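Below you'll find the structure, written out as structure tokens, and then a few comments.
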Amino acid sequence: MRRFSRKSGGNSFAEAAVDVSEKDGIRSLHLGSEAIQSSMRVRDPVELVLAYSRCMFAFLLFRDEPQHMVMVGLGGGSISKFVHHHMPQTRSVVIELLPQIVGVARSMFHLPPDDERLEVRVGDGAEYIAGMKKPTDVILLDAFGPTGIAEALSTESFFAQCRAQLNDDGVLLVNLWGSDPRFQIYIDRLSRAFDGLVLCLPARQRGNITALCFKRGCNSPTWDALKDRAKVLEARYPLEFAEFVTDLRRMNPHNDRRLLV
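Here my numbering is used: the first residue of the sequence shown is 62, the next is one more, and so on.
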């Protein structure tokens, strides 16, 4: 296993070492611990190696491909690269607190340079969301640090601010850790901020859970309609949408015919 490390001064979060390891053709990013923040298959840099990153795209079962999305947290840039490669109609803005993360993503994880469809900014995600001048279609929160989610990105008021900055059909996606002792607290905050319109999708690998939070309801789609939609999406994207439909039964209100949201 090869390792690379980069560290910068500043506050305790910024001082965390950015490590990169490589094993069996998979390059991974670590932030101050052995926990994997992002992974990339070296021979296929656009593939979404980690299951949670694929789950983030389950929102496409309910909404059209977005024209604009905001991501808080860059990591190795896996999700940003996937959107840039597979969603040519989508413009993405990515907010990353640590400049060294941006440097590593570009030098070691094949994150493309900024262009008309991708803009990476160094800054505070909560401040950026609060200052947005126009609403967006999708906000994606994937901002884990060495000790978990930053408090400023997990308060009920911040989640409500995210909802306010979404278009009418907008979606907030939040990467959570199922074994986090504060997991239910986060879900309760999201549920209050989004009037209960929250789904949980557990990843089949590891313990990540994606929270899908809708500004307005999805008319409680039937399972048959979701399965049909999954077939269409799997013909377009290299993602397991049929499995997402099955796994949505595990943690969400439903009956034999419908997912209730």
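Think of the CB as a built atom: it goes at the ideal place given N, C-alpha and C, for glycine as much as any other residue.
It should be emphasised that the depicted structure is a prediction, and the values quoted were computed from it without experimental measurement.
In chain order, which alpha helix (DSSP H) runs of at least 4 residues are fully inside the stretch 110-173? If we require 4 residues or more, the alpha helix (DSSP H) runs fully inside the stretch 110-173 come out as 112-116, 139-147, 160-169.
Can you list, in chain order, the residues of its chain whose CB lies under 7 angstroms from that of V165, leaving out five sequence neighbours each side? Hits under 7 angstroms: R67, V79, V81, L90.
Distance, A191 Cα to F220 Cα: When rounded, the distance between both Cα atoms is 11 angstroms.
What is the DSSP secondary structure of R102, reduced to helix, strand or coil? Assigned with DSSP and collapsed to three states, R102 falls in strand.
Any non-hydrogen atom of the ligand MG closer than 6 angstroms to V293 Cβ: In the structure on display, the ligand MG does not appear, and there are no ligands present to speak of.
Which whole-angstrom value describes the C-beta separation of L233 and I140, a residue pair presumed to lie in contact below a C-beta threshold of 8 angstroms? In this structure L233 does not touch I140 by the C-beta definition: roughly 14 angstroms separates them, more than the 8 angstroms allowed.
Quick one: what does DSSP say S218 is sitting in, helix, strand or coil? Reduced to three states, the DSSP call for S218 is helix.
Buried versus exposed call for R88 [16 or more other C-beta atoms within 10 Å across all chains shown]: The residue in question, R88, is buried, as its Cβ has 16 or more Cβ neighbours within 10 Å.
My output table needs one value for R88: the three-state DSSP class, helix, strand or coil. In the structure shown, R88 falls within a strand segment according to DSSP collapsed to helix, strand and coil.
Cα-Cα separation between M148 and E126, rounded to whole angstroms: Taking the straight line from one Cα to the other gives about 7 angstroms.
Using the rule of at least 16 other Cβ atoms within 10 Å of the residue's Cβ for burial, across every protein chain shown, is E95 buried or exposed? That one is exposed.
Would you list the residues sitting across from N269 in a DSSP beta bridge? Within the DSSP bridge table, the entry for N269 names W238 as partners.
Minimum C-alpha distance to A286 - residue among K194, L172, L320: Selected option, being the one with the closest Cα: L320.
Candidates K288, L258, N316, V110: closest to E304 by CA position: Checking every option, the nearest Cα to that of E304 belongs to K288.
Here's the rule I'm using: 16 or more other beta-carbon atoms within 10 Å means buried, otherwise exposed. How should K195 be labelled? Label assigned to K195: exposed.
So does the stretch 131-146 actually touch the stretch 203-217, counting three or more Cβ pairs closer than 8 angstroms? Yes, since at least three Cβ pairs between the stretch 131-146 and the stretch 203-217 fall closer than 8 angstroms, the two stretches touch.
Just how far apart, CA to CA, sit T197 and G231? Those two C-alpha atoms are separated by around 7 angstroms.
For my contact list, L158 and G186 are in at a C-beta cut-off of 8 angstroms; report their separation, rounded to the angstrom. About 7 angstroms; that satisfies the 8 angstroms criterion.
Measuring CB to CB, does L294 end up less than 7 angstroms from F302? Yes, Cβ-Cβ distance for L294 and F302 is below 7 angstroms.
Hey, how far is the Cα of D317 from the Cα of W284? Going from the Cα of D317 to the Cα of W284 covers about 8 angstroms.
Which residue from S168, H129, F143, L111 puts its Cα closest to that of R265? Nearest option by C-alpha distance: L111.
For M169, which residues in the same chain have their Cβ closer than 6 angstroms to its Cβ, ignoring the five residues on either side in sequence? The answer, listed in chain order, is V81.
Return the CA-CA distance between G86 and K276, expressed in angstroms with no decimal places. Rounded to the nearest whole angstrom, the CA to CA distance from G86 to K276 is 40 angstroms.
Any idea if S100 is buried or exposed, counting beta-carbon neighbours within 10 angstroms, 16 or more meaning buried? Buried.
Beta bridge counterpart(s) of E180 as assigned by DSSP: Beta bridge pairing from DSSP links E180 with V154.
With DSSP run on the structure shown, which of helix, strand or coil describes G257? Of the three classes helix, strand and coil, the one that applies to G257 here is coil, per DSSP.
G278 by DSSP, collapsed to three states: which one? Reduced to three states, the DSSP call for G278 is coil.
Boundaries of the beta strand (DSSP E) in which T307 is found, first to last residue: Judged by DSSP secondary structure, T307 falls outside any beta strand (DSSP E) and instead within the alpha helix (DSSP H) spanning 302-308.
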